[in-house]
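**Q**
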DNA sequence: ACAGGCGTTTAAGTCTTTCCTAAGCCGCCT
DNA sequence: AGGCGGCTTAGGAAAGACTTAAACGCCTGT
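Chains as they are written, first to last, in my numbering: chain L, 1 to 221; chain U, 222 to 442.
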């Protein structure tokens, strides 16, 4: 965990640096806005601890400039001013959190933990099987790199097969997941569906096992 | 944007709810920890606004329990106590930010914006998609360079679509972010809304994908 | 407090696409 | 050869989306 500390006050800067290092973070301490901006553009830090009360170029300008350059690194802003507006400005400029001076080290630590926890929150609703890719969230499907337009039923069928790629999926199991328990549905609806899906992908992609069901191989081509 | 408000005080609760609704957020207001925990487990909300001073089961327990269940929804904690430790506790329990009562509505709004920005991994309040531009802070929308007047619901719909520009947004997901938990709403309310939004923009801007939902292309013209 | 206006939802009719049924065909297996 | 299971095609029924109109409810201004 590499933290970029931007603070012009020598005493406070070294105190924070030591405190964070004791918590086994790696700290790079910069004293002015110019070098801070350069460092942020390198994107080597995992988190930036930015003092808004920098001399010369204001801390908030550094922040705005960095965000304009699409630097997405989380920024935790420290402000001595206690007016409401400066805090709101900081957040609106693209800060992810702020801390009002003076603050306790434990509070700083808690916020850093909270921020880093947030960072690695990503969803995995994409199923990939060989050249096939299906996104459960956005309902998008691609085959051999190209987007494929599927209907709802086709999508549901493909999903059921991809979730069990390489394994045979029984006919009843498919019918059940497509039509629910009340599968009073005609007996060849599934076959019609398989056919239309095959036409949109390729005919080899979905294999039939006579008398049992269907499957997609581990590595469809 | 669907916000889960957990607050037992009737007066404060309804004040916050109305303030947020005026900002085009959808608010589901729950009064106790038990139902809050259930709602969080559903993962239908985009953000949780949690009062730590709940009667009976403490708010912090709700939070800990939810995080234990791997609910990753951002949580903004409200606390009446002003001791440092309770705030640190809240952050360590998995809150993403906190607000000390009493607070100004604008500060709440700024923090919500900051938190949702972080969720999207972006750093600005303005979402730009081709000739479409939407400002989450000021609620202003422009299309082809001209300002467009949208109602609350239209704005919320457009925001949900623009945040996912180029990707398909599922119908249920839209209904959820527009109407919240109590979406006992008639089944074609969304379609009527889409229609009125299309009329204010253009009919090509919002595309329908039958059976799934709607989307705005990367480069609407 | 009341009326009017606006925004929102419901309702109903129309249009479009999807899905199921049905029927004939093919090929494998007994 | 015959039967069973799967494949394919084409229509028609059902589902979903669009549009318009009207009712409802919430605010606002008088």
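Glycine is no exception: its CB is placed at the ideal position from the N, C-alpha and C atoms.
Using a C-beta cutoff of 8 Å, does residue 151(L) count as contacting chain U?
**A** Taking the first residue of the first chain as position 1, residue 151(L) is located at position 151. Yes, residue 151(L) lies at the interface with chain U (some Cβ there is under 8 Å from its Cβ).
**Q** Which residues, in order along the stretch 123-144 of chain L, keep a beta-carbon less than 7 Å from a beta-carbon of chain U?
**A** Within the stretch 123-144 of chain L, the qualifying residues are 138, 139, 140.
**Q** Could you tell me whether the Cβ atoms of residue 63(L) and residue 47(L) are closer together than 8 Å?
**A** To locate residue 63(L), count along the first chain from 1; it is residue 63. To locate residue 47(L), count along the first chain from 1; it is residue 47. Not in contact: residue 63(L) and residue 47(L) (Cβ atoms no closer than 8 Å).
**Q** How should residue 223(U) be labelled, buried or exposed, when 16 other C-beta atoms within 10 angstroms of its C-beta is the threshold for buried?
**A** Along the second chain, one-based indexing puts residue 223(U) at 2. Residue 223(U) should be labelled buried.
**Q** Less than 6 Å between C-beta atoms, sequence neighbours within five positions excluded: which residues of the same chain meet that for residue 348(U)?
**A** Walking along the second chain from the start, residue 348(U) turns up at place 127. Hits under 6 Å: 355, 383.
**Q** Only counting runs of 3 or more residues, tell me where the beta strand (DSSP E) segments fall wholly within the stretch 245-329 of chain U, in order along the chain.
**A** Runs of the beta strand (DSSP E) inside the stretch 245-329 of chain U: 247-251, 268-272, 296-300, 318-321.
**Q** Mapping the DSSP letters down to three states, classify residue 376(U) as helix, strand or coil.
**A** Position 155 of the second chain, counted from the first residue, corresponds to residue 376(U). Residue state, collapsed to three classes: helix.
**Q** Please list, in chain order, all residues of the same chain as residue 178(L) whose beta carbon is under 8 Å from its beta carbon, the five residues on each side excluded.
**A** For the purposes of this step, residue 178(L) is taken as residue 178 along the first chain, with counting starting at 1. So the qualifying residues of the chain are 153, 156, 157, 160, 190, 193.
**Q** Strictly below 7 Å CB to CB, what residues from chain U border residue 96(L)?
**A** Within the first chain, numbered from 1, the residue matching residue 96(L) stands at position 96. The contacting residues are 335, 339.
**Q** In terms of alpha-carbon separation, which member of 33(L), 167(L), 97(L) lies closest to residue 53(L)?
**A** The sequence position of residue 53(L) within the first chain is 53, counting from 1. The shortest Cα separation from residue 53(L) among 33(L), 167(L), 97(L) belongs to 33(L).
**Q** Of all Cβ atoms in chain U, is any one closer than 8 Å to the Cβ of residue 110(L)?
**A** Position 110 of the first chain, counted from the first residue, corresponds to residue 110(L). Yes, residue 110(L) lies at the interface with chain U (some Cβ there is under 8 Å from its Cβ).
**Q** Please work out which residues of its chain come closer than 6 Å, Cβ to Cβ, to residue 122(L), disregarding the five sequence neighbours upstream and downstream, and give them in chain order.
**A** On the first chain, position 122 is the one that residue 122(L) refers to. Summary for residue 122(L): the model assigns pLDDT 35, below 50, so the residue's position carries little reliability; its value from the coordinates is reported in the next sentence. If we look at residue 122(L) and ignore the five residues flanking it on each side, it has no Cβ neighbours.
**Q** Give me the Cα-Cα distance between residue 214(L) and residue 423(U), rounded to the nearest whole angstrom.
**A** Within the first chain, residue 214(L) is the residue found at index 214, counting from 1. Within the second chain, residue 423(U) is the residue found at index 202, counting from 1. About 44 Å.
**Q** Please say whether residue 315(U) and residue 300(U) have beta carbons closer to each other than 8 Å?
**A** If you number the second chain from 1, residue 300(U) lands on position 79. If you number the second chain from 1, residue 315(U) lands on position 94. Contact: no.
**Q** I'd like to check one pair, residue 350(U) with residue 441(U): are the Cβ atoms closer than 8 Å?
**A** By 1-based counting over the second chain, the position of residue 441(U) is 220. By 1-based counting over the second chain, the position of residue 350(U) is 129. In contact: residue 441(U) and residue 350(U) (Cβ atoms closer than 8 Å).
**Q** Just to make sure I have the definition right: I need the residues of chain L whose C-beta is within less than 8 Å of the C-beta of residue 391(U). Which are they?
**A** Taking the first residue of the second chain as position 1, residue 391(U) is located at position 170. Within 8 Å Cβ-Cβ: 137, 138, 139.
**Q** Relative to the C-alpha of residue 6(L), which candidate in 37(L), 18(L), 19(L) has its C-alpha closest?
**A** The residue given as residue 6(L) occupies position 6 in the first chain. The option with the nearest alpha carbon to residue 6(L) is 37(L).
**Q** Ends of the beta strand (DSSP E) at residue 208(L)?
**A** As a first step, residue 208(L) must be located in the first chain, where it is residue number 208. 207-209 is the span of the beta strand (DSSP E), which, as asked, contains residue 208(L).
**Q** Report the CB separation of residue 385(U) from residue 265(U) in whole angstroms; it is logged as a contact under 8 Å.
**A** On the second chain, position 164 is the one that residue 385(U) refers to. On the second chain, position 44 is the one that residue 265(U) refers to. That belief does not hold up - the Cβ atoms of residue 385(U) and residue 265(U) are roughly 16 Å apart, past 8 Å.
**Q** Should residue 346(U) go down as buried or exposed, given a rule of 16 or more other Cβ atoms within 10 Å for buried?
**A** Within the second chain, the letter at position 125 stands for residue 346(U). Looking at its Cβ environment, which holds 16 or more other Cβ atoms inside 10 Å, residue 346(U) is buried.
**Q** Cutting at 6 Å between CB atoms, please list the residues of its own chain near residue 77(L), excluding the five before and the five after it.
**A** On the first chain, residue 77(L) is found 77 positions in, with the first residue counted as 1. The answer, listed in chain order, is 50, 52, 90, 95, 98.
**Q** With 8 Å set as the bound, which would you pick, yes or no: does the beta-carbon of residue 388(U) sit closer than that to a beta-carbon of chain L?
**A** Taking the first residue of the second chain as position 1, residue 388(U) is located at position 167. Yes, residue 388(U) counts as interfacial toward chain L.
**Q** Buried or exposed: which applies to residue 14(L), given that a residue is buried once 16 or more other Cβ atoms fall within 10 Å of its Cβ?
**A** As a first step, residue 14(L) is located in the first chain; it is residue number 14 there, counting from the start. That one is exposed.
**Q** Output needed for residue 41(L): all residues of its chain with C-beta closer than 8 Å, excluding positions within five of it in sequence on either side, in chain order.
**A** Locating residue 41(L) in the first chain gives position 41, where the first residue counts as 1. These residues qualify, in order along the chain: 66, 69, 71.
**Q** So, helix, strand or coil for residue 386(U), using DSSP?
**A** Translated into positions along the second chain, residue 386(U) becomes position 165. If DSSP states are grouped into helix, strand and coil, residue 386(U) belongs with coil.
**Q** What separation, rounded to the nearest whole angstrom, lies between the Cα atoms of residue 370(U) and residue 150(L)?
**A** Here the question's residue 370(U) lines up with position 149 in the second chain. Here the question's residue 150(L) lines up with position 150 in the first chain. Computed Cα separation, rounded: 35 Å.
**Q** Considering only the alpha carbon of each residue, which of 21(L), 139(L), 75(L) lies closest to residue 111(L)?
**A** As a first step, residue 111(L) must be located in the first chain, where it is residue number 111. Considering only alpha carbons, the answer is 75(L).
**Q** Using a C-beta cutoff of 8 Å, does residue 121(L) count as contacting chain U?
**A** For this step, residue 121(L) is matched to residue 121 along the first chain. The pLDDT assigned to residue 121(L) is 43, lower than 50, so where the model puts this residue is not dependable, and the model offers no usable value.
**Q** Check whether the Cβ atoms of residue 212(L) and residue 168(L) lie closer than 8 Å to each other.
**A** Sequence index remark: in the first chain, residue 212(L) carries index 212 (1-based). Sequence index remark: in the first chain, residue 168(L) carries index 168 (1-based). In contact: residue 212(L) and residue 168(L) (Cβ atoms closer than 8 Å).
**Q** Using a beta-carbon distance below 8 Å, is residue 280(U) in contact with chain L?
**A** For this step, residue 280(U) is matched to residue 59 along the second chain. Answer no: the Cβ-Cβ gap between residue 280(U) and chain L never drops below 8 Å.
**Q** Identify which residue in 10(L), 197(L), 27(L) has its Cα closest to the Cα of residue 143(L).
**A** Start at 1 with the first residue of the first chain, and residue 143(L) comes out as number 143. Minimum Cα distance to residue 143(L) is reached at 197(L).
**Q** Would you verify that the beta carbon of residue 432(U) is, or is not, closer than 8 Å to some beta carbon of chain L?
**A** Here residue 432(U) refers to the residue found at position 211 when the second chain is read from its first residue. True, the Cβ-Cβ gap to chain L drops below 8 Å.
**Q** With 16 as the cutoff for other CB atoms within 10 Å, does residue 39(L) come out buried or exposed?
**A** Within the first chain, the letter at position 39 stands for residue 39(L). Counting Cβ neighbours within 10 Å, residue 39(L) comes out buried, since at least 16 surround it.
**Q** How about residue 326(U) and residue 240(U): do their beta carbons lie closer than 8 Å?
**A** Along the second chain, one-based indexing puts residue 326(U) at 105. Along the second chain, one-based indexing puts residue 240(U) at 19. Taking 8 Å as the Cβ cut-off, residue 326(U) and residue 240(U) qualify as a contacting pair.
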